[in-house]
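Novice: I have a structure here, written as structure tokens, and I will follow up with some questions on it.
There are 2 protein chains.
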Amino acid sequence: MVEPGSTSWGESAPVAVRQSSLRERNLAAIVAAVCRADVPPSRADLATELSMTRATAGRLVDELVAARVVDEVDRSQGGRGRPAKGLLPGTGIVGLGLAVETDRLLVRAVDLRGRVIGQRDVPSGPRDAELVLDALAHEAREVRRGLQGRRLVGVGVAVPGIVTDDGRLRRAPNLGWNDVDVAGILASVGGRYPVQVANEADMAALLEAQPRPGRPGPWSDFVHVSAAVGVGGAIVSGGRVVAGEHGAAGELGHVCVDPSGPACGCGSTGCLEQYVGIRALAEVSGLPRERVAEGLAAGAVAGDPRCLAAVEQVTHALSVALASVVNVVGISSVVLGGHLTALDVATIESIRSRLDARVLGSRWKPVQVRPARGDQTAAATGAAHRALADVLARPAAWV
Amino acid sequence: MVEPGSTSWGESAPVAVRQSSLRERNLAAIVAAVCRADVPPSRADLATELSMTRATAGRLVDELVAARVVDEVDRSQGGRGRPAKGLLPGTGIVGLGLAVETDRLLVRAVDLRGRVIGQRDVPSGPRDAELVLDALAHEAREVRRGLQGRRLVGVGVAVPGIVTDDGRLRRAPNLGWNDVDVAGILASVGGRYPVQVANEADMAALLEAQPRPGRPGPWSDFVHVSAAVGVGGAIVSGGRVVAGEHGAAGELGHVCVDPSGPACGCGSTGCLEQYVGIRALAEVSGLPRERVAEGLAAGAVAGDPRCLAAVEQVTHALSVALASVVNVVGISSVVLGGHLTALDVATIESIRSRLDARVLGSRWKPVQVRPARGDQTAAATGAAHRALADVLARPAAWV
DNA sequence: CGTGATTAGTTCGATGAGTGAACTTAAGTC
DNA sequence: GACTTAAGTTCACTCATCGAACTAATCACG
């Protein structure tokens, strides 16, 4: 999940580049431009935008069309000269996104245009890892069967825990799993393509950063909070999800809100998760766990004192915890996901203004806060995007 | 602080690359390899390491030698065939590092081998920005005069405050400066080369990340704490200092240790700076400010109750604040700089173990803590490295 | 309805950077 | 002193991009 090179100083090249890298790079540039365009660009548009010649753009596009990475469409919208053939991300390339959650398993097949081609949601419980993953693999194969000749290019898996580079899930408290070789167990689903495993918060953040594959969302730098039973998070910088040394960046759930607060399962005290996790909010608000998401804001607006207390708790804890995060990573926009998506406008503005008071640079650049756009299955869709990201980064491997 | 035009190859390309970019890139690869090598490599060594042909390596090296970016040295150490000419970073290329601190101005001229060619330290006070910067420019010109035919390739300036991309210092509380165009005022020092302005903590962290220009230090991922009157910090990831959206990453001084703690000048409460800044420690320990650095550890070891209290305060505050940072950015190594460099081994181990208890991934990968290697002028030397970083990143511009 | 203007896309020789193999240079070895 | 070894150099070749000329398809205007 480590995507190289956020804002950086002196990068160093580990190996020399050859002429073929040049072509690889320009193929990627074309694909990226096609994905981020608002209207299907022509070969000539691409040549202008990327400052290459029409000759080069034409040749590269032809290769990508042959590989079905981009599709040609009619773009007859009048105008002077020869009508252009529009280019769109190919529908023949799909990525598979899987998600293991505490109570369900999700599968999404998404094409390069971001359209969901196939999906599957099944309930699950906190059982043995092998059993759960085998069930997930079964569902994934079912979805894969319905792809009808499209090319599967990779599999992404979102899991609620810390993942290491080799695709092992080190620890997932809410599943009770330790050291599970997720990538290995699910390898058969991907066939000869790699299975990319990452934290569900990172996958959801990827979807938030690019609502369509390769297409940047409104913000390119933000802190993403994924709140459910556990509270996770991710940092998006320059449109890329940044992972730490061991893929464990963005563990917002264990930022300290108050050192004298309640003990947390992680061994620390007063962690954010103890204030805004579903369990904590259910207890304070008196709502059943599954109704916290929708019920909280409504209850508070209706004046229910327990819901008001819960909302105040969320506001306080988030503003304290996120202020530290914003100061440390220097990113002043925050996206609230999971059950926090449903917070009402007034609460969000209240979090924002309290953050402003605590953030050093806010006088210069005010903090921004917004709810996430993704739905409650963002992690699975994001995982599919993660699978497709390999094609976007190195399309040469698929032509 | 975000380096212009240095997008790396993995990520989506904004523009196409041409054949000349290929050469630029490989020149940079050669320079990087020469800088990070333990013994001066030959052209053949470089060809092997970078997997290019001897022909290519030879041609590119010749260009770099002509431009004095690398020097040829005799490496006659016996052996069979034709003796190799060793290659070292050029001594003819120097970067100028300036630092504005609360009580002094520093100038360092450093060559590509990391040797200090010229330096100047003068006392200063918190006066008008124009006056102080003019004095600094004067000192810098004096140092520049002593360069004797070497090529000055850039100027870096370390300042104690938040800096925006355009080289303006937005706010420097301990200098009482607001919105000062540092790059503009010092432009004359750099001649036709840009003046790179950044936070002193970032500059010091750069020196910690690369003790010699282009040569990585022992750790490539760490959180760097720069403690003085103010407490700053920086995040180093993959050997690079990461800047936030607005160059304001790593503001560790304003991570919240205790929301019910003392009010901080930043508008928040219980910030780290209120516990480990020089003023706070001087007050608790009873030591005069200028003696806090050396006196604190000694006093604590000697059993002085006030020093013991101060050390306990440092230990507690750092372990709480850094735990959040480590969890959020997923980097589990910490370097303590500024007056914290002088903490005794036992205190550092105590911070480390308390961090371990609060960090989610510590069971998998224990937290590491060490004092910084740089001296109290790290920011100025780091600023010189910053100036040289442009040559390392794009040597083609200098050949 | 035909001619010209205009823009998209294609073809083809030129350019420049890396490749590979042969050649030259400067040692050490027997 | 002839042979071996390895570093460095030379030169013809490859390949991706460039530039310019060419072809294709549509609109505008008389």
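So the protein sequences, as listed, match chains A and B.
Residues 56 to 454 (my numbering) make up the first sequence, in order.
Residues 56 to 454 (my numbering) make up the second sequence, in order.
Cβ coordinates follow ideal geometry from the N, Cα and C atoms, glycine included.
All values derive from a computational prediction rather than experimental measurement.
For the segment 98-136 of chain B, which segments carrying the alpha helix (DSSP H) assignment without a break, of at least 4 residues, lie completely within its bounds, in sequence order?
Specialist: 98-104, 109-121
Novice: Leaving out five residues on either side along the sequence, give the residues of the same chain with a beta carbon under 7 Å from the beta carbon of A/Arg-449.
Specialist: As a first step, residue 449 of chain A must be located in the first sequence, where it is residue number 394. Cβ neighbours of A/Arg-449 beyond the five flanking positions: Glu-79, Ala-83.
Novice: Give the C-beta separation of B/Ala-213 and B/Ala-434 to the nearest angstrom, bearing in mind that I take them to be a contact with Cβ-Cβ under 8 Å.
Specialist: For the purposes of this step, residue 213 of chain B is identified with residue 158 of the second sequence, where counting begins at 1. For the purposes of this step, residue 434 of chain B is identified with residue 379 of the second sequence, where counting begins at 1. 4 Å between Cβ atoms; contact.
Novice: Using only the alpha-carbon positions, how far apart do B/Gly-169 and B/Pro-268 sit?
Specialist: On the second sequence, position 114 is the one that residue 169 of chain B refers to. On the second sequence, position 213 is the one that residue 268 of chain B refers to. One C-alpha to the other measures close to 6 Å.
Novice: Just curious, the beta strand (DSSP E) that A/Gly-287 is in, first and last residue?
Specialist: Looking up residue 287 of chain A in the first sequence gives position 232. First-last of the beta strand (DSSP E) with A/Gly-287: 286-292.
Novice: One question on the structure: do A/Gly-322 and B/Ala-376 come within less than 8 Å of each other, judged by their Cβ atoms?
Specialist: As a position in the first sequence, residue 322 of chain A is number 267, starting the count at 1. As a position in the second sequence, residue 376 of chain B is number 321, starting the count at 1. The answer is no: Cβ separation not under 8 Å.
Novice: Indicate whether at least one CB of chain A lies closer than 8 Å to the CB of B/Asp-93.
Specialist: Residue numbering aside, residue 93 of chain B sits at position 38 when the second sequence is read from its first letter. B/Asp-93 does not count as touching chain A.
Novice: Scan the segment 307-339 of chain A for residues whose Cβ lies nearer than 7 Å to a Cβ of chain B and list them as they occur along the chain.
Specialist: Those residues of the segment 307-339 of chain A placed with their C-beta closer than 7 Å to a C-beta in chain B are Leu-307, His-309, Val-310, Cys-311, Asp-313, Pro-314, Cys-321, Gly-322, Ser-323, ordered along the chain.
Novice: Compare the beta carbon distance of A/Asp-257 and A/Gly-305 with 8 Å and say whether it is the shorter of the two.
Specialist: For the purposes of this step, residue 257 of chain A is taken as the residue at position 202 of the first sequence. For the purposes of this step, residue 305 of chain A is taken as the residue at position 250 of the first sequence. Yes; because the gap between Cβ atoms is below 8 Å, this pair is in contact.
Novice: Can you pull out the residues from the segment 221-248 of chain B whose beta carbon lies closer than 8 Å to at least one beta carbon of chain A?
Specialist: Arg-225, Arg-226
Novice: Against A/Ser-97, what residues of chain B qualify as contacts under a CB-to-CB distance less than 7 Å, listed in chain order?
Specialist: The residue given as residue 97 of chain A occupies position 42 in the first sequence. Near A/Ser-97 there are no residues of chain B at all, since even the closest Cβ is about 16 Å away, more than 7 Å.
Novice: By Cβ distance below 8 Å, which residues in the same chain neighbour B/Ser-61 in space, the five residues on each side in sequence not counted?
Specialist: Residue numbering aside, residue 61 of chain B sits at position 6 when the second sequence is read from its first letter. Residue placement at B/Ser-61 is flagged as unreliable, the pLDDT there being 31, under the threshold of 50; the coordinate-derived value follows with that caveat. Only Ala-448, Arg-449 meet the Cβ criterion.
Novice: Classify A/Ser-417 as helix, strand or coil using the three-state DSSP reduction.
Specialist: For the purposes of this step, residue 417 of chain A is taken as the residue at position 362 of the first sequence. The answer is helix: DSSP assigns A/Ser-417 an H, G or I state.
Novice: With a 10 Å radius around its C-beta and 16 neighbouring C-beta atoms as the bar for buried, classify A/Ser-131 as buried or exposed.
Specialist: One-based indexing of the first sequence puts residue 131 of chain A at position 76. So A/Ser-131 ends up on the exposed side.
Novice: Can you tell which of B/Asp-129, B/Ile-148, B/Val-94, B/Ala-99 has its C-alpha closest to the C-alpha of B/Val-446?
Specialist: Position 391 of the second sequence, counted from the start, is the residue given in the question as residue 446 of chain B. Selected option, being the one with the closest Cα: B/Ile-148.
Novice: Quick check: the Cα distance between A/Gln-74 and B/Gly-392, rounded to an integer number of angstroms?
Specialist: Your numbering for residue 74 of chain A matches position 19 in the first sequence. Your numbering for residue 392 of chain B matches position 337 in the second sequence. One C-alpha to the other measures close to 44 Å.
Novice: Taking just the CA atoms, how far does B/Leu-161 sit from B/Thr-432?
Specialist: Translated into the one-based positions of the second sequence, residue 432 of chain B becomes position 377. Translated into the one-based positions of the second sequence, residue 161 of chain B becomes position 106. Approximately 8 Å between the Cα atoms of the pair.
Novice: I'd like the list of long-range same chain contacts for A/Met-56, defined as Cβ closer than 7 Å, with 5 residues on each side in sequence excluded.
Specialist: Looking up residue 56 of chain A in the first sequence gives position 1. Note that A/Met-56 has pLDDT 36, beneath the 50 cutoff, so the model's placement of it is unreliable and the number below is only indicative. Within the same chain, A/Met-56 has close Cβ partners Ala-253, Asp-257, Val-296, Ala-298, Gly-302.
Novice: List the residues of chain B whose Cβ lies closer than 7 Å to the Cβ of A/Leu-105, in chain order.
Specialist: Residue mapping note: residue 105 of chain A aligns to position 50 of the first sequence, counting from 1. Below the 7 Å Cβ cutoff, chain B contributes Val-70, Ala-71 as neighbours of A/Leu-105, in chain order.
Novice: Thinking C-alpha only, which one of A/Ile-386, A/Leu-395, A/Ile-290 is nearest A/Tyr-330?
Specialist: The residue given as residue 330 of chain A occupies position 275 in the first sequence. Per the Cα distances, A/Leu-395.
Novice: What in chain B is Cβ-close to A/Ile-10, meaning under 7 Å?
Specialist: What is shown of chain A runs 56 to 454, which leaves residue 10 of chain A out entirely.
Novice: Just how far apart, CA to CA, sit A/Thr-219 and A/Glu-328?
Specialist: Along the first sequence, read from residue 1 onward, the residue named residue 219 of chain A stands at position 164. Along the first sequence, read from residue 1 onward, the residue named residue 328 of chain A stands at position 273. So the alpha carbons of these two residues sit roughly 22 Å apart.
Novice: How is A/Val-155 classed by DSSP in three states: helix, strand or coil?
Specialist: Mapped onto the first sequence, residue 155 of chain A falls at position 100. A/Val-155: strand per DSSP, three-state reduction.
Novice: Of the choices A/Pro-215, A/Asp-221, A/Val-244, whose alpha-carbon is the least far from that of A/Trp-232?
Specialist: Counting from one through the first sequence, the residue named residue 232 of chain A turns up at place 177. Out of A/Pro-215, A/Asp-221, A/Val-244, A/Pro-215 has the C-alpha closest to the C-alpha of A/Trp-232.
Novice: Between A/Gly-125 and A/Val-86, is the Cβ-Cβ spacing less than 8 Å?
Specialist: To locate residue 125 of chain A, count along the first sequence from 1; it is residue 70. To locate residue 86 of chain A, count along the first sequence from 1; it is residue 31. Note that residue 125 of chain A corresponds to Val in the displayed sequence, not to Gly. Taking 8 Å as the Cβ cut-off, A/Val-125 and A/Val-86 qualify as a contacting pair.
Novice: The beta strand (DSSP E) that contains B/Asn-229, what's its start and end?
Specialist: Position 174 of the second sequence holds residue 229 of chain B. For B/Asn-229, no beta strand (DSSP E) encloses it, and the DSSP letter there is neither H nor E.
Novice: Under 8 Å, do A/Ala-438 and A/Ala-154 count as touching if we go by C-beta distance?
Specialist: Reading the first sequence from its first residue, position 383 is the one you call residue 438 of chain A. Reading the first sequence from its first residue, position 99 is the one you call residue 154 of chain A. Yes. Within cutoff.
Novice: Nearest chain B C-beta to A/Ser-379 closer than 8 Å, yes or no?
Specialist: The sequence position of residue 379 of chain A within the first sequence is 324, counting from 1. Chain B, which has a Cβ nearer than 8 Å to the Cβ of A/Ser-379, makes this yes.
Novice: Quick one: is B/Val-356 near chain A, going by C-beta distance under 8 Å?
Specialist: Here residue 356 of chain B is taken as the residue at index 301 of the second sequence, counted from 1. Not an interface residue.
Novice: By how many angstroms is the C-alpha of A/Val-381 removed from the C-alpha of A/Lys-420?
Specialist: Translated into the one-based positions of the first sequence, residue 420 of chain A becomes position 365. Translated into the one-based positions of the first sequence, residue 381 of chain A becomes position 326. One C-alpha to the other measures close to 12 Å.
Novice: Since A/Leu-151 meets chain B, which of its residues come closer than 8 Å, beta carbon to beta carbon?
Specialist: Against the first sequence, residue 151 of chain A aligns to sequence position 96. None at all; the shortest Cβ gap to chain B is about 22 Å.
Novice: Determine the contact status of A/Val-278 and A/Val-454, defining contact as a CB-CB distance below 8 Å.
Specialist: As a first step, residue 278 of chain A must be located in the first sequence, where it is residue number 223. As a first step, residue 454 of chain A must be located in the first sequence, where it is residue number 399. Going by C-beta atoms, A/Val-278 is not nearer than 8 Å to A/Val-454.
Novice: Could you pull the start and end residues of the alpha helix (DSSP H) that A/Ala-438 belongs to?
Specialist: Sequence index remark: in the first sequence, residue 438 of chain A carries index 383 (1-based). Residues 433-448.
Novice: Who are the near neighbours of B/Ile-403 in its chain, counting only those whose CB is closer than 8 Å to its CB and skipping five residues on each side?
Specialist: Along the second sequence, read from residue 1 onward, the residue named residue 403 of chain B stands at position 348. Leu-391, Val-424, Arg-425, Pro-426, listed in sequence order.
Novice: Is the beta carbon of A/Leu-202 less than 8 Å from the beta carbon of A/Ile-172?
Specialist: Here residue 202 of chain A refers to the residue found at position 147 of the first sequence. Here residue 172 of chain A refers to the residue found at position 117 of the first sequence. Against a cut-off of 8 Å, the Cβ pair of A/Ile-172 and A/Leu-202 comes out as a contact.
Novice: Tell whether a beta-carbon distance below 8 Å holds between A/Arg-175 and A/Val-198.
Specialist: Reading the first sequence from its first residue, position 120 is the one you call residue 175 of chain A. Reading the first sequence from its first residue, position 143 is the one you call residue 198 of chain A. Against a cut-off of 8 Å, the Cβ pair of A/Val-198 and A/Arg-175 comes out as a contact.
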